[in-house]
Structure formats: structure tokens, C-alpha cells
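Notes follow once the structure below has been shown.
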Amino acid sequence: MSLCLSFPVTGNPAEVLELVERPLQEPQGHEVRVRMRYAPINPADLNYIEGNYGRTATLPAIPGHEGCGEVEVVGPDVVSLKPGDVVMPLLGGGCWAQHVTAAEHHFAKLPGGIDRVQASMLRINPVTAWHLLTKHVELREGDWVIQNSANSGVGRALIQLAKQGKLKTLNLVRRAELIPELLALGADMVVLDNDEGLQTAKDALKGKDVQLAANGVGGDSAIRLMDLLSPEGMMVTYGAMSRRSLKVPNKFLIFKNLRLHGLWITKWFEKAGSAELREALEPLSQMVSEGLLTTATDEVIPMADHRRAIQRAMEGGRNGKVILDLA
Numbered sequence: 010m011s012l013c014l015s016f017p018v019t020g021n022p023a024e025v026l027e028l029v030e031r032p033l034q035e036p037q038g039h040e041v042r043v044r045m046r047y048a049p050i051n052p053a054d055l056n057y058i059e060g061n062y063g064r065t066a067t068l069p070a071i072p073g074h075e076g077c078g079e080v081e082v083v084g085p086d087v088v089s090l091k092p093g094d095v096v097m098p099l100l101g102g103g104c105w106a107q108h109v110t111a112a113e114h115h116f117a118k119l120p121g122g123i124d125r126v127q128a129s130m131l132r133i134n135p136v137t138a139w140h141l142l143t144k145h146v147e148l149r150e151g152d153w154v155i156q157n158s159a160n161s162g163v164g165r166a167l168i169q170l171a172k173q174g175k176l177k178t179l180n181l182v183r184r185a186e187l188i189p190e191l192l193a194l195g196a197d198m199v200v201l202d203n204d205e206g207l208q209t210a211k212d213a214l215k216g217k218d219v220q221l222a223a224n225g226v227g228g229d230s231a232i233r234l235m236d237l238l239s240p241e242g243m244m245v246t247y248g249a250m251s252r253r254s255l256k257v258p259n260k261f262l263i264f265k266n267l268r269l270h271g272l273w274i275t276k277w278f279e280k281a282g283s284a285e286l287r288e289a290l291e292p293l294s295q296m297v298s299e300g301l302l303t304t305a306t307d308e309v310i311p312m313a314d315h316r317r318a319i320q321r322a323m324e325g326g327r328n329g330k331v332i333l334d335l336a
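Numbered per the working numbering, the sequence shown spans residues 10 to 336.
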């Protein structure tokens, strides 16, 4: 038997999640069974349980958009994986479980020595940051990229990837105490996400061409990003942490001809071919393995203590991701 976290109805995650026992599945054909080790609690996971996500759960459902584990058993026709391989599920759900069984192409093999906790957080935030920097605007060494929510998982990954790619980042945050931390991570400039910070950023970017903005907040914060973009620049919205609608002043469309795009990395994973997945995951997993790309963690909590884990994940002022230990 195997344990998983499941919810029979949508609602408050701390109330509707249940620890459930289920029988183990024996892999057939090209299937593999993976013993999951760790899985982070992301805002998307909480929204999914609440019923406020971009896709509706078929109940009862097992949440968990990402995680990491080792191959335990393989089916007779499996060719790409073997027992003991470290893997990351690409399913986009069902990771809050001790075991996951699926076809071999639904798992990405990772370097054997990779840190399992860091690997469990690879699929969403680092890949989102990679997509933002590579798939929307042609950027060259020394170009500036601006973003809000710079202390989020995506924001921190973007800072590290930009530094590796010799790009410069200007970052907006809500709390002053985050500024030294992000500068130490590799940010070129960090300002508060308010009118005073906007003016400071304008003065610093004066005369510089800024063609890409990453928006994870929405509301007034997104307007500040649009104000900082150069004419013909692009703002890509990947999140809405403020839960406020995106409002676009007419002047930014008429006089600056800004381009507005959206990014839902889950949908990209569903459409991406194997070559695209390798293009993203191979260098990212190698960077994680070498310690060049890290995601901040707040606390690792056993899945049996899931209510405390959920409550901690929903609190503000955390130091990083809350991780479920699936042992």
C-alpha cells in the first residue's frame, strides 16, 4: 500500500486535504513506478485545491504539480529508465503521493547526484524563468530585464539565470529587507515596488533600452513595469499574486505600442516536444546539480503533518518554499 494526499471536494486546502492509503500499481508495458521523495507546495497547488485554477480537478484528486523521486520498478517495455534513476514527473499533477506510476515519457531523468529537495522544485519556477528569458524577446549580453515579485521562486530563478547569461536585472520588491538578499543573489538593482522606487528605477534606466518585463503581480505593480519598458517592449504575465486585474493605461498602447503576452508554463509542458523539454531541462538540471541555481526553502515537513505544512505555505513572510517530505 502507498500513501497520498487527496481532496474529495474543493475548498480550503487545510480543511479538505486527506491522507489516504491506496494500493500500489504494478507497471505495465512502458510504465514506470517512481518512489516520490519531496514535493513543494506552490500557489498553483493551493489554487487547484480551492477550485480557482486554470483547470478543474476531477474529484477525488491528488494535487502536486511538481516533485522528485527515484524509479522503483519498470515495466517490461521500458527503454529510457532503470531502477534507481532520479526523475522528475512531467504530469502536472499527482505528485503529493509516495508513489507515481505513469508511462516513461512522463518523467525526465535528472543527474544522479542532484539535491533531491532542489530537484523537486525544478519543473515550475526555473522553467518559467527560462521561458521568460528565452522565448519572447531576443536578448543580448548586457541587455536589461525588469520584473516584479523578484523575491518569488520565479523571480529568484530569473535573477540567477540572467546572471549566467550576462543579462542585467532590475527588480521590484515589496519589502526593503529583501534588497540586500537579492543583490547577493546576483541582481543588478533592486527597488521597492512603489512610486518612489519607480522614480529611482527610471533614473537608473534612463537612456537604456528595456524590451522585456516579467509580471507576476498584476494591478498597479504591472503598470509600473509598463512605465519602465521602452517603446515596442513586451510584458509577459505569468502570475497574479496581487489578485488584481491587469489594467493597461491607453498611453502605453498608443504611444509606446507595448506588447502584452501571457505565460502558463503548465500549458507549455503539455505542448512541448521532447527536443524542447531537453532544451530547457538539461541545462537547468545541470545548474541545480552544480549549485548554480538554487530555490530558497522555508521548511521541510512530513506529509503526515500536511495541515501544518499547508498553513505555513499560506503564510506571508516565509523564507522560501514549504516542502512536503513524502517518506
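Positions of the beta carbon are idealized from the N, C-alpha and C atoms, including for glycine.
Check whether residue i and residue j have beta carbons under 8 angstroms apart
{"i": "residue 19", "j": "residue 127", "result": "no"}
{"i": "residue 52", "j": "residue 332", "result": "no"}
{"i": "residue 237", "j": "residue 265", "result": "no"}
{"i": "residue 134", "j": "residue 154", "result": "no"}
{"i": "residue 179", "j": "residue 214", "result": "yes"}
{"i": "residue 187", "j": "residue 168", "result": "no"}
{"i": "residue 158", "j": "residue 226", "result": "yes"}
{"i": "residue 117", "j": "residue 255", "result": "no"}
Cutoff 7 angstroms; reference residue i; Cβ partners in own chain excluding five residues on either side
{"i": "residue 317", "result": "310"}
{"i": "residue 104", "result": "45, 48, 73, 74, 75, 76, 98"}
{"i": "residue 313", "result": "28"}
Residues of its chain near residue i, where Cβ-Cβ distance is below 6 angstroms and the 5 sequence neighbours each way are ignored
{"i": "residue 206", "result": "200"}
{"i": "residue 29", "result": "13, 15"}
CA-to-CA distance, residue j to residue i, given in whole angstroms
{"i": "residue 46", "j": "residue 91", "result": "17 angstroms"}
{"i": "residue 245", "j": "residue 11", "result": "40 angstroms"}
{"i": "residue 74", "j": "residue 299", "result": "24 angstroms"}
{"i": "residue 335", "j": "residue 272", "result": "30 angstroms"}
{"i": "residue 302", "j": "residue 280", "result": "25 angstroms"}
{"i": "residue 231", "j": "residue 258", "result": "11 angstroms"}
{"i": "residue 61", "j": "residue 151", "result": "39 angstroms"}
{"i": "residue 26", "j": "residue 17", "result": "8 angstroms"}
{"i": "residue 136", "j": "residue 100", "result": "15 angstroms"}
Local Cβ density within 10 Å of residue i, reported as buried at 16 or more and exposed below that
{"i": "residue 147", "result": "exposed"}
{"i": "residue 108", "result": "buried"}
{"i": "residue 64", "result": "exposed"}
{"i": "residue 40", "result": "buried"}
{"i": "residue 160", "result": "buried"}
{"i": "residue 96", "result": "buried"}
{"i": "residue 263", "result": "exposed"}
{"i": "residue 88", "result": "exposed"}
{"i": "residue 324", "result": "exposed"}
{"i": "residue 106", "result": "buried"}
Other residues of its chain near residue i: CB distance less than 8 angstroms, five sequence neighbours each side excluded
{"i": "residue 270", "result": "145, 243, 244, 245, 246"}
{"i": "residue 268", "result": "241, 242, 243, 244"}
C-beta neighbour in chain C for residue i, strict 8 angstroms
{"i": "residue 291", "result": "Annotation note: the requested chain C is absent from the structure, which comprises a single protein chain."}
Take every Cβ of the stretch 118-137, pair it with every Cβ of the stretch 59-71, and state whether three or more of those distances are shorter than 8 angstroms.
no
State whether the stretch 56-66 contacts the stretch 21-38, with contact taken as three or more CB pairs (one from each stretch) at a distance under 8 angstroms.
yes
For the stretch 168-181 against the stretch 239-253, are there 3 or more C-beta pairs whose distance is under 8 angstroms?
no
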